[in-house]
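Trainee: Please read through the structure below; I'll follow up with questions.
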Amino acid sequence: MNRIGVFGANGRMGLALVEAAHKNNNAELGAAYVRSSSPLLNLAVNQLNSAAPVAMDFSDERNVEDIDVLIDFTLPAGMREHLKTAIKQKIPMVIGTTGLNDNDMQTLQAAAQHIPIVFARNYSVGVNLLLNLVQTAATKFGDDLDIEIFEAHHRHKIDAPSGTALAIGEAIAEAKGWVHDDVAVFDRSQVEKEKSQNEIGYSVLRGGDIVGEHTAYFATSGERLELTHKASSRMTFALGAVRAAGWLKNKPVGLYDMQDVLDLK
């Protein structure tokens, strides 16, 4: 049985991960971690999520023990500290934190020399299939092609574009032989010129309780292909992360992604 520890277990995604770990037949929720300053410390987890084990309380994130794999969907600052704990104790880690900068990615690369890590911007099976589909579309259409990516999330999401939208753009850029950062366009408000066909445009919506919607547009003269993924529940991502945790246990050190987990490469 795979004992899973969840960081940020009191957040929206954390509570979904707690439920997913508890419901998975091949996993066991070993701990639900919160900050040492949290008023929830030592209170019953099932007060916030009725699907959690009845006898489990929220634990101090500084006291990690008897855990096979750690899962972290917290903010970047928290993830950096949790990663130090994982390295110190040689515990594999599944990371779904978004909004990471270049230094964070270098930190993950360095950490993966000590422990096995799965890092993905989206743990949905459907989204990871979408990453394959957009690469096919990018290569099969000719050069007379306009590419745009639209994403929508709830109003509480603080990073934009979403990590998933960027992953879609990066997949397209790879298929086209482009350097993503050279072709990504996030703001056209100060540019008065036609759209180049050697660019990937991004647009963003934030509102209400939208869990996550992503669409890649491939537009040519006379037709348009739209590849869309819509998530209706955070449980989609939580189940994928728990699946990744089961896959990661006993893997050699290295940095993996959800494409590895699903054998899509």
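For what it's worth, my numbering labels the leading residue of the sequence shown as 1347, then goes sequentially. Cβ atoms here follow ideal geometry from the backbone N, Cα and C, with glycine treated the same way.
1) For K1369 versus P1462, is the C-beta spacing smaller than 8 Å?
2) On the CB-based measure, 16 or more other CB atoms within 10 Å of its CB, does A1401 come out buried or exposed?
3) In whole angstroms, what separates the C-alpha of V1380 from that of G1424?
4) Going by DSSP, which residues form a beta bridge with R1349?
5) DSSP three-state label for E1520, please.
6) Have a look at Q1455, Y1548, N1449 and flag the residue whose alpha-carbon is nearest the alpha-carbon of T1336.
7) Can you tell me whether DSSP reads G1558 as helix, strand or coil?
8) Just list the residues that DSSP pairs I1463 with in beta bridges.
9) Considering only C-alpha positions, which residue in the set R1426, S1567, V1599 is nearest to F1487?
10) Between the alpha carbons of R1467 and D1489, how many angstroms are there, rounded?
11) Run through DSSP, which three-state label would E1572 get?
12) Thinking I1437 and L1416 are a contact (beta carbons under 8 Å), I'd like their distance in whole angstroms, please.
Mentor: Concretely, from the data shown:
1) no
2) exposed
3) 10 Å
4) E1374
5) helix
6) Nothing about residue 1336 can be read from this structure; the chain reaches only from 1347 to 1611.
7) strand
8) M1439, L1601
9) The option with the nearest alpha carbon to F1487 is S1567.
10) 28 Å
11) strand
12) 5 Å
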